[in-house]
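Numbering (the numbering used here), first residue to last: 2 to 429. Here is the structure we will look at.
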């Protein structure tokens with residue numbers, strides 16, 4: 002199995018063990034002695050060949066890659082096609098289906114409510130969602146807290162973690178990528194609550210629909226539907242004009258593709274991709290359906306530029322969205338390396354994976370790096386120690402998220418710090 006794909010399967014709970022025991026309290030990551038400072042010419046010389054090769058090999062259809070260092074964008078490039086069949090080039094302002102890159106946005110909204118005193122990490126979910134009371138297999142009703150949702154230790158799972166037909170499929174629980182007609186957020190949570198929890202809350206880490214539940218908590222505590230609360234607390238303060246639960250300009254929406262041989266395959270109206278023992282159900286048209294429920298785990302759309310703004314605000318300390326000490330908690334290790342959300346050497350914070358040990362992870366990134374991605378073909382990371390923010394959005398699942406591409410982009414960024422400056426050839 003491709004090692005990067007295997008990493009995703011572990012992160013998604015699709016490896017040999019779909020959940021891992023929680024043994025750790027918040028801790029500092031181990032320190033890294035490596036400091037890097039790439040410049041724009043070195044980045045172009047290092048990154049352009051990586052993108053060109055991925056396109057030439059027909060591993061991706063299109064990509065937008067942005068690299069910022071200490072708040073300054075040093076590299077940005079759109080390459081390939083937004084729509085291969087019509088030869089429509091991909092532009093820097095292309096809108097993508099964010100999939101799980103939605104999670105950090107919703108998690109930050111929850112933390113903003115904590116900063117405002119309207120929500121507590123220790124609040125039981127039932128304070129905000131009185132009818133959400135899933136039980137353990139023995140019939141006991143445990144307490145699930147807001148922090149359990151943020152750390153994916155609530156005992157919830159994803160349906161694609163389970164062999165078909167698994168408990169979530171039988172209960173018709175949506176993971177936020179499909180679009181069952183007429184399904185509301187409230188009904189999806191009702192269905193979810195009928196399925197026994199996979200573990201006692203706080204006991205094990207398992208990537209899950211917890212952020213969909215968190216989205217409902219955010220809506221309840223924020224006093225408005227989730228899209229309005231996200232807009233008020235996150236996207237408006239940061240000026241993220243193209244990020245939300247619906248596409249503003251359909252002409253800018255990138256057409257999605259799926260890995261294939263000899264080339265990626267255009268996604269159908271509904272498209273199933275096998276994952277381990279399960280299946281992920283994609284419905285690309287969900288992003289255009291005003292009736293689709295707002296999935297806090299997978300339902301938003303946005304641009305690479307907007308996402309860089311979002312991540313940079315967090316890297317700089319959180320203003321105007323979060324307090325600095327809240328960002329410090331967001332980037333702390335709340336679930337240790339036993340969680341393996343990105344493989345060995347990684348733990349989990351409050352919104353993403355956090356790098357604990359670069360040596361174990363075989364990564365050039367510094368300890369304390371935040372990282373995550375999205376199942377439509379995306380990856381991002383923030384290396385706070387080195388002031389580096391990287392967003393790489395593609396329209397090709399899964400290569401852009403868990404294939405060779407994101408690792409090659411990462412390695413090229415760090416290689417650029419060691420390379421002599423050159424004048425790159427101009428790329429279209």
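Here a beta-carbon is modelled for each residue, glycine too, at the ideal position from N, C-alpha and C. Since this is a predicted model, take the numbers as computed values, not measurements.
Under the three-state reduction of DSSP output, residue 329 falls in the helix class. Counted as a single uninterrupted DSSP element, the alpha helix (DSSP H) harbouring residue 216 occupies residues 211-223.
Secondary structure note for residue 275: its beta strand (DSSP E) is the uninterrupted segment 272-276. For residue 76, the pairing in a beta bridge is given by DSSP as 68. Under the rule that a run must span 3 or more residues, the beta strand (DSSP E) segments found entirely inside the segment 354-425 read 354-356, 371-375, 379-384, 389-395.
The criterion of a C-beta distance shorter than 8 Å is not satisfied by residue 230 and residue 248. The beta carbon of residue 259 is closer than 7 Å to those of 265, 266, 268, 272, 274, 398 in its chain, skipping five residues each way along the sequence. Put simply, the backbone Cα of residue 294 is about 9 Å away from that of residue 181. Nearest Cα to residue 204 within the set 52, 233, 335: 335. For the pair residue 362 and residue 343, the Cα-to-Cα distance works out to about 8 Å. Residue state for residue 152 is assigned as coil, using DSSP reduced to three classes. When beta bridges are read from the DSSP output, residue 254 appears opposite 96. Between residue 323 and residue 222, the gap from beta carbon to beta carbon reaches 8 Å or more. Residues 161, 165, 273, 274 of the same chain have their beta carbon placed closer than 8 Å to that of residue 280, with the five preceding and five following residues left out of the count.
Using a Cβ distance threshold of 8 Å, residue 75 and residue 68 count as a contacting pair. Between residue 251 and residue 190, the C-beta spacing is not below 8 Å.
Closest in alpha carbon position to residue 364, among 209, 349, 382, is 382. Residue pairing by DSSP places residue 195 in no beta bridge whatsoever. Here the alpha carbons of residue 42 and residue 215 stand approximately 42 Å from one another. Looking at the DSSP output, residue 208 bridges to nothing. Straight through space, the alpha carbons of residue 307 and residue 242 are spaced by roughly 7 Å.
In this structure, residue 99 places its C-beta atom within 8 Å of the C-beta atom of residue 301.
Three or more beta-carbon pairs drawn from the segment 128-144 and the segment 197-213 are found closer than 8 Å, and the two stretches are therefore classed as touching.
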